[in-house]
Amino acid sequence: MWHIESQLVHALNDGDPRFGDVVCPIHLSTTFAQERFGRPIRYDYARGGNPTRQVVEDQIAILEDALLSDGNASCADGNAADITSDDNCDGAKGGLAFATGMAAITAVLSLFKPGDEIIVPKNLYGGTFRILDKYFSRFGLRYRFADFSNPVAVEQALTIDESPESVKKTKESLAGAILTEATSAETQAAATAVTETQAVATAVTETQAVLARRPQKAVFFESPTNPLLEVIDIAAIAAIAKRHNALTIVDNTFMTPYLQQPLKLGADIVLHSATKYLGGHSDVLAGLVATRNYELYKRLHFIQYSTGGTLSAFDSYLLTRGIKTLALRMNKACDNASIIANYLVEKCLRGNNCTKNDNSAGNDNSVRNVSCDDNAGNDSNAIHSYGNAINSCNGSFPIARVFYPGLSSHPGNNIQQKQAKSGGALVSFELAEGYDVQKFAGKLRLITVAESLGAVESLLCHPASMTHASIPAELREEMGISNRLLRLSVGIEHIDDLLADIQQGLDAL
Ligand SMILES: Cc1ncc(COP(=O)(O)O)c(C=O)c1O
Numbered sequence: 118m119w120h121i122e123s124q125l126v127h128a129l130n131d132g133d134p135r136f137g138d139v140v141c142p143i144h145l146s147t148t149f150a151q152e153r154f155g156r157p158i159r160y161d162y163a164r165g166g167n168p169t170r171q172v173v174e175d176q177i178a179i180l181e182d183a184l185l186s187d188g189n190a191s192c193a194d195g196n197a198a199d200i201t202s203d204d205n206c207d208g209a210k211g212g213l214a215f216a217t218g219m220a221a222i223t224a225v226l227s228l229f230k231p232g233d234e235i236i237v238p239k240n241l242y243g244g245t246f247r248i249l250d251k252y253f254s255r256f257g258l259r260y261r262f263a264d265f266s267n268p269v270a271v272e273q274a275l276t277i278d279e280s281p282e283s284v285k286k287t288k289e290s291l292a293g294a295i296l297t298e299a300t301s302a303e304t305q306a307a308a309t310a311v312t313e314t315q316a317v318a319t320a321v322t323e324t325q326a327v328l329a330r331r332p333q334k335a336v337f338f339e340s341p342t343n344p345l346l347e348v349i350d351i352a353a354i355a356a357i358a359k360r361h362n363a364l365t366i367v368d369n370t371f372m373t374p375y376l377q378q379p380l381k382l383g384a385d386i387v388l389h390s391a392t393k394y395l396g397g398h399s400d401v402l403a404g405l406v407a408t409r410n411y412e413l414y415k416r417l418h419f420i421q422y423s424t425g426g427t428l429s430a431f432d433s434y435l436l437t438r439g440i441k442t443l444a445l446r447m448n449k450a451c452d453n454a455s456i457i458a459n460y461l462v463e464k465c466l467r468g469n470n471c472t473k474n475d476n477s478a479g480n481d482n483s484v485r486n487v488s489c490d491d492n493a494g495n496d497s498n499a500i501h502s503y504g505n506a507i508n509s510c511n512g513s514f515p516i517a518r519v520f521y522p523g524l525s526s527h528p529g530n531n532i533q534q535k536q537a538k539s540g541g542a543l544v545s546f547e548l549a550e551g552y553d554v555q556k557f558a559g560k561l562r563l564i565t566v567a568e569s570l571g572a573v574e575s576l577l578c579h580p581a582s583m584t585h586a587s588i589p590a591e592l593r594e595e596m597g598i599s600n601r602l603l604r605l606s607v608g609i610e611h612i613d614d615l616l617a618d619i620q621q622g623l624d625a626l
């Protein structure tokens, strides 16, 4: 078995053996000749399968350790949806490629049926929250927030609530769902009962019985979260979900399979916005899904084929090219991020007077691991808070808080070390009250202000006005996303240039 670095370069990338090309060819054909009517050689129509897309689909399966088993252990078997597949998926690995990360998420959420419920943390990628709240809700799929830092809270959310209020709520959502389309006989029966007997108590009992038996639950989360980089214990949550017959779905975009492999930790489905680190060059939109479970894979494949949000051949090629250098890029970006996090912690502790030299963040490994806590000494201005705040200082310094799971003072650092190879390449930080994020950003020359993350170039995002702008201000504040919060996606530039750029921004404050 090769190391992951070798798998990244070689796994299934081989070209056409007739010519010996060393990269996979881009197969543009949308249709494929058949030997006889109804007897395609391998592919018939590119929405259903394409050789270039197949390479990247197999690649994500290998990288996420998602080679298919029979799915016998799945809690979802025969329960999660009414979707079945007439496809023969024999020989497939467990990966699927989509046109975007959102198309991948849409496909995964399409596994569920009206009345099912997805348990999510509040700090969820905005697009995922939006599609749950504004799109899938129209089809009766419900979501509920839970505090994923507290396994007991997740357990409670997964426990089917049979209280009259809950049943009433479910009835309403089911009644709404039947207006669109009820797909299962039981749901239909429940919904019919609901509409016909608004006032009849027996229907409540009937509905309750149906609901207690049928709705599927799932947990859906990212770790670390965006943009506060809270760490969620994947193995602990997956174990709880399994006990409650619920699926565990992990969006692994921020870590990539190079740093973290959720299926090995007990997750059922892992997905990516491959637009980010896997693509790695800000030039391809893509989404990937992987599962070890054959039944789930078949249903996802059916959804992919039926709904058509597949990854094009050209973009599949770009993605395979990006994936080859994932290890190199991640190593460099994570090293840079760790140094920057410590640099910012220094600012947080000592104010803006310390320069790059006097905090010696340079290339000294020992300094990279220094945390706010370790640095604190008897500096009375430093406040370390271990709630939501990762490293807090009082307002007399330009940086109020630094969020980076690789810092030993980060409350999730132990779990991060257990489940991932490093703290990742994203660093969030909050300017102290009275300091202007725009002034800071206006002075940057190397770091670009832009949405997205995970590419070779460093990108700075202001979540309140960019990625999280659609969340009402009060809810944002409640989530800990203030107007002074910035998220830096650290790239692979030279660390001295990055630090100089950041210092330039801080000098402007
Ligand atoms: C964690 C996460 N998941 C999913 C997505 C959606 O991916 P895409 O933009 O490729 O549709 C994003 C996009 O930023 C993301 O950050």
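Offset between the sequence shown (1-based) and our numbering: plus 117.
Cβ coordinates follow ideal geometry from the N, Cα and C atoms, glycine included.
Here the structure is a predicted model, which means the values were calculated and not measured.
Residue i, DSSP secondary structure in three states
{"i": "GLN333", "result": "coil"}
{"i": "GLN151", "result": "strand"}
{"i": "GLU347", "result": "coil"}
{"i": "THR370", "result": "coil"}
{"i": "CYS451", "result": "helix"}
{"i": "GLU550", "result": "coil"}
{"i": "ARG409", "result": "coil"}
{"i": "VAL627", "result": "Because the chain here runs from 118 to 626, residue 627 falls outside it and cannot be looked at."}
{"i": "PHE136", "result": "coil"}
{"i": "PHE338", "result": "strand"}
{"i": "GLU610", "result": "coil"}
{"i": "LEU615", "result": "helix"}
{"i": "ARG416", "result": "helix"}
Distance cut-off 7 Å: residue i Cβ against heavy atoms of ligand 1
{"i": "ILE222", "result": "yes"}
{"i": "ASP368", "result": "yes"}
{"i": "MET372", "result": "no"}
{"i": "LEU402", "result": "yes"}
{"i": "TYR242", "result": "yes"}
{"i": "GLY426", "result": "no"}
{"i": "MET118", "result": "no"}
Nearest-angstrom Cα separation, counted from residue j out to residue i
{"i": "LEU184", "j": "ALA537", "result": "21 Å"}
{"i": "GLY166", "j": "ALA220", "result": "16 Å"}
{"i": "ASN600", "j": "GLU591", "result": "11 Å"}
{"i": "ALA163", "j": "SER146", "result": "7 Å"}
{"i": "VAL336", "j": "ALA542", "result": "25 Å"}
{"i": "ILE357", "j": "THR365", "result": "9 Å"}
{"i": "ASP624", "j": "LYS556", "result": "10 Å"}
{"i": "CYS465", "j": "ARG159", "result": "59 Å"}
{"i": "LYS560", "j": "ASN343", "result": "25 Å"}
{"i": "HIS585", "j": "TYR242", "result": "8 Å"}
{"i": "VAL225", "j": "GLY622", "result": "41 Å"}
{"i": "PRO134", "j": "SER539", "result": "38 Å"}
{"i": "LEU524", "j": "GLU339", "result": "19 Å"}
{"i": "ALA118", "j": "ALA128", "result": "At residue 118 the sequence reads Met, which differs from the Ala that was named. Each residue's Cα considered, the two are about 11 Å apart."}
{"i": "GLY551", "j": "ARG518", "result": "14 Å"}
Neighbourhood of residue i by C-beta distance below 8 Å, restricted to the same chain and skipping five residues each side
{"i": "ARG446", "result": "TYR394, GLY397, VAL573, ILE609"}
{"i": "ASP161", "result": "THR148, PHE149, GLN151"}
{"i": "ALA628", "result": "Given a span of 118 to 626 for the chain in the structure shown, any question on residue 628 remains unanswerable."}
{"i": "HIS120", "result": "none"}
{"i": "ILE222", "result": "GLY244, THR245, ILE248, ASP368, LEU388, GLY404"}
Residues near residue i in its chain [Cβ-Cβ closer than 6 Å; skip 5 each side]
{"i": "ASP614", "result": "LEU563"}
{"i": "VAL387", "result": "GLU181, VAL367, ASN369, PRO379, LEU380, ALA407"}
{"i": "GLY425", "result": "ARG164"}
Contact set for residue i: own chain, Cβ-Cβ below 7 Å, skip 5 residues either direction
{"i": "ILE143", "result": "THR169, ALA430, PHE431, TYR434"}
C-beta atoms of residue i and residue j nearer than 8 Å
{"i": "ALA214", "j": "LEU405", "result": "yes"}
{"i": "GLN176", "j": "THR437", "result": "yes"}
{"i": "ILE349", "j": "PRO238", "result": "yes"}
{"i": "ILE457", "j": "ILE619", "result": "yes"}
{"i": "PRO332", "j": "ASP250", "result": "no"}
{"i": "GLY211", "j": "HIS389", "result": "no"}
{"i": "LEU413", "j": "ASP452", "result": "no"}
{"i": "VAL544", "j": "VAL607", "result": "yes"}
{"i": "ALA353", "j": "LYS334", "result": "no"}
{"i": "SER587", "j": "ARG247", "result": "yes"}
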